[in-house]
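Notes to accompany the following structure.
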Amino acid sequence: MLQLQVLRQNEREVKDRLAVKNFKNPELVDEVISLDDQRKKLQLEYDTTQQQVNSASKEIGMLMGKGEKDAAEVKKKEVAELKARLQPINEQLIATESKLTDTLVQIPNLPSPLVPNGNSASDNEVVKEGGEKPGLHAGSVPHWDLIKQYDIVDFETGAKLTGSGFPLYKGAGAKLQRALVQYFLDYNIAAGYTEYLPPFMVNEASAYGTGQLPDKEGQMYHMQLDNFYMIPTSEVPVTNIYRDEIVKAEQLPIKMTAYSPCFRREAGSFGKEVRGLNRVHQFEKVEIVQLTHPDKSYEALDQMVAHVEGLLKSLESPYRILRLCGGDMSFTSALTYDFEVYSAAQERWLEVSSTSNFESYQTNRMKIRFKDENGKTQLVHSLNGSSLALPRIVACLLENNQKENEIVLPAVLHSYFGKSAIQKS
RNA sequence: GGAGACCUGCUCGAGUGGUUGAAGAGGCACGCCUGGAAAGUGUGUAUACCCCUAAAGGGUAUCAAGGGUUCGAAUCCCUUGGUCUCCGCCA
Numbered sequence: 002m003l004q005l006q007v008l009r010q011n012e013r014e015v016k017d018r019l020a021v022k023n024f025k026n027p028e029l030v031d032e033v034i035s036l037d038d039q040r041k042k043l044q045l046e047y048d049t050t051q052q053q054v055n056s057a058s059k060e061i062g063m064l065m066g067k068g069e070k071d072a073a074e075v076k077k078k079e080v081a082e083l084k085a086r087l088q089p090i091n092e093q094l095i096a097t098e099s100k101l102t103d104t105l106v107q108i109p110n111l112p113s114p115l116v117p118n119g120n121s122a123s124d125n126e127v128v129k130e131g132g133e134k135p136g137l138h139a140g141s142v143p144h145w146d147l148i149k150q151y152d153i154v155d156f157e158t159g160a161k162l163t164g165s166g167f168p169l170y171k172g173a174g175a176k177l178q179r180a181l182v183q184y185f186l187d188y189n190i191a192a193g194y195t196e197y198l199p200p201f202m203v204n205e206a207s208a209y210g211t212g213q214l215p216d217k218e219g220q221m222y223h224m225q226l227d228n229f230y231m232i233p234t235s236e237v238p239v240t241n242i243y244r245d246e247i248v249k250a251e252q253l254p255i256k257m258t259a260y261s262p263c264f265r266r267e268a269g270s271f272g273k274e275v276r277g278l279n280r281v282h283q284f285e286k287v288e289i290v291q292l293t294h295p296d297k298s299y300e301a302l303d304q305m306v307a308h309v310e311g312l313l314k315s316l317e318s319p320y321r322i323l324r325l326c327g328g329d330m331s332f333t334s335a336l337t338y339d340f341e342v343y344s345a346a347q348e349r350w351l352e353v354s355s356t357s358n359f360e361s362y363q364t365n366r367m368k369i370r371f372k373d374e375n376g377k378t379q380l381v382h383s384l385n386g387s388s389l390a391l392p393r394i395v396a397c398l399l400e401n402n403q404k405e406n407e408i409v410l411p412a413v414l415h416s417y418f419g420k421s422a423i424q425k426s
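In my numbering, the protein residues as written are 2 to 426.
Structure below.
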């Protein structure tokens with residue numbers, strides 16, 4: 002959530018920038034400010050009354066010590082009256098505070114000045130395009146046919162085991178998953194990221210910390226018996242590692258990477274767009290996360306973008322980098338770059354990574370702070386990106402590299418996969 | 001799953017109802033001492049919110065989390081979470 006202080010001091014600017022995100026309820030900003038005023042008033046009233054209670058209680062203690070029971074009784078009555086007054090104030094204070102946070106979390110992060118105006122995906126700005134679109138041979142087919150021809154992903158049996166959208170990888174298909182995960186992790190570790198293997202379920206506090214709760218509850222699988230959520234991305238457990246902590250300035254930037262399966266309900270998706278591996282309920286992903294000094298986060302974002310780009314280049318895939326427009330960005334992001342690879346047989350671009358700077362929006366909720374040069378406690382900035390999500394990369398690798406009787410893998414994967422190509426079994 | 005012990009500040013650790021935000025030790029920071037360092041020595045060392053603010057100052061809350069008893073709770077009671085030990089079960 003946004004920092005109250007920022008919101009109060011730059012009300013006009015906040016509203017202007019929210020407009021870039023097509024935010025429909027700018028009046029929430031005014032609401033937050035008036036709730037905060039109310040909160041302060043109540044807080045002062047509560048504190049001063051509580052102070053009277055505290056000092057009277059101390060006096061009672063001293064009177065009792067001196068054996069002046071009657072005087073103590075008089076004080077006790079006084080305290081009882083004060084406490085009777087305190088109760089409704091306290092109730093109002095709690096109510097106001099919770100209404101304040103409820104309102105504040107409904108206001109999205111402010112877009113950075115680099116974010117272009119726009120309403121939908123078509124308004125995103127292509128900032129870079131690289132690699133070459135392959136020329137496919139005559140009998141080329143989309144990946145959902147290839148996986149059957151080569152018998153490497155079995156959706157039908159996955160559906161039998163769980164439901165639609167839960168692919169069962171088999172043989173070379175399973176091994177390719179493992180090879181890619183291993184390669185991506187090694188690539189990230191070489192760039193200074195520390196590897197983590199996090200829990201695949203998280204509690205409510207963690208889901209709230211990265212912003213999946215309260216607004217995106219329906220997107221996560223929920224284990225009701227234990228009140229755990231299956232993670233939609235390892236960003237959730239990994240960013241939460243430092244929740245409620247104050248780190249030392251010299252620890253920054255903290256660079257973390259993690260592999261995890263990701264679970265997404267994807268309620269409401271259907272149709273050709275989501276065929277095959279284009280959209281599934283469970284998929285493998287390697288994520289990178291950084292916690293940085295607030296002055297360094299955009300520098301870090303550029304590094305992360307270059308890092309992911311290098312990965313796509315090494316996979317010899319045609320790709321492009323988009324800067325998302327205000328209307329297409331996520332609620333919590335200040336600036337997002339999406340990476341898409343070209344799927345030659347489908348003749349469309351598929352998103353394989355989304356790399357964002359959240360500034361202090363997430364860390365304000367999670368209270369991840371550091372001590373700056375002057376000894377002041379400040380929020381760090383958080384960033385994350387996929388490097389990479391597997392299914393769509395796999396779709397592209399299969400489609401773009403298909404030959405008459407085999408699928409040739411990029412050189413960088415040969416040692417991880419153990420062979421240079423996938424053959425029909 | 002059953003039985004029990006426990007959860008205090010950066011760390012260790014005292015504290016079983018009354019000026020305890022919390023003794024003591026260690027660590028860390030700064031100063032003194034030193035040619036320099038070690039040793040020694042002095043001082044400081046939480047977070048959030050609020051009032052007042054130029055600064056200083058003051059208040060409230062926080063001893064796993066939440067609730068309760070009490071004029072008063074780190075201390076008593078309840079719930080939840082976590083750690084450890086023993087038993088059971090198990091990849």
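Note that the Cβ used here is the ideal one computed from N, Cα and C, for glycine as well.
Quick check on DSSP: helix, strand or coil for residue i?
i      : result
ASN385 : strand
ARG1   : This structure leaves residue 1 out entirely; the chain is present only between 2 and 426.
PRO114 : coil
GLN403 : strand
CYS397 : helix
MET63  : helix
LEU292 : strand
ILE247 : strand
PRO238 : helix
ALA268 : coil
ASP329 : coil
HIS415 : helix
Between residue i and residue j, what straight-line distance do the alpha-carbon atoms span, to the nearest angstrom?
i      : j      : result
LEU43  : SER56  : 20 Å
ASN204 : LYS67  : 52 Å
ALA484 : ALA180 : Limits of the chain in this structure are 2 at one end and 426 at the other, which puts residue 484 out of reach.
THR333 : ALA412 : 37 Å
SER355 : VAL116 : 15 Å
ALA175 : GLU14  : 51 Å
MET63  : SER99  : 38 Å
ALA192 : SER426 : 37 Å
ALA96  : PHE371 : 30 Å
SER298 : VAL239 : 18 Å
PHE229 : PRO262 : 16 Å
ALA73  : LEU94  : 30 Å
VAL128 : SER357 : 15 Å
GLN379 : GLN6   : 12 Å
ALA139 : GLN225 : 51 Å
GLN304 : LEU292 : 13 Å
First and last residue of the alpha helix (DSSP H) that includes residue i?
i      : result
ASN365 : 362-367
GLY311 : 298-315
LEU380 : Counting along the chain, LEU380 falls outside any alpha helix (DSSP H), though it belongs to the beta strand (DSSP E) covering 378-380.
SER99  : 70-105
GLN183 : 173-191
THR195 : No alpha helix (DSSP H) holds THR195; the beta strand (DSSP E) holding it covers 195-197.
Do residue i and residue j have their C-beta atoms closer together than 8 Å?
i      : j      : result
GLU288 : SER387 : yes
PRO143 : GLU300 : no
GLU405 : ALA422 : no
GLU285 : VAL182 : yes
VAL313 : LEU384 : Strictly speaking, residue 313 in this sequence is Leu, with Val absent from that position. Their beta carbons are not under 8 Å apart, which means LEU313 does not touch LEU384 by this criterion.
TYR184 : LEU414 : yes
PHE359 : ASN110 : yes
GLU236 : THR258 : no
PHE167 : VAL353 : no
CYS397 : LEU351 : yes
HIS294 : VAL381 : yes
MET2   : ARG366 : yes
GLU126 : CYS326 : yes
GLN53  : LEU101 : no
If I follow the unbroken beta strand (DSSP E) through residue i, where does it start and stop?
i      : result
GLU126 : 126-131
ASP339 : 336-344
LYS372 : 370-372
GLU14  : Premise fails: GLU14 lies in the alpha helix (DSSP H), 12-21, not in any beta strand (DSSP E).
TYR230 : 229-231
ILE148 : No beta strand (DSSP E) holds ILE148; the alpha helix (DSSP H) holding it covers 144-150.
Relative to the C-alpha of residue i, which candidate in the options has its C-alpha closest?
i      : options                           : result
ARG265 : VAL275, TYR209, GLU92 and GLN283  : GLN283
ILE153 : TYR417, PRO392 and SER416         : PRO392
ILE255 : GLU196, VAL21 and GLY210          : GLU196
TYR188 : MET330, LEU351, LEU398 and SER315 : SER315
LEU105 : TYR320, LEU29, ARG86 and PHE418   : LEU29
ARG324 : LEU5, MET65, SER113 and GLN52     : SER113
ILE232 : PHE156, ARG18 and TYR209          : TYR209
ILE61  : THR50, VAL75, GLN51 and ASP48     : VAL75
ILE148 : TYR170, SER165 and LEU137         : TYR170
ASP155 : LEU278, ASP37 and GLN107          : LEU278
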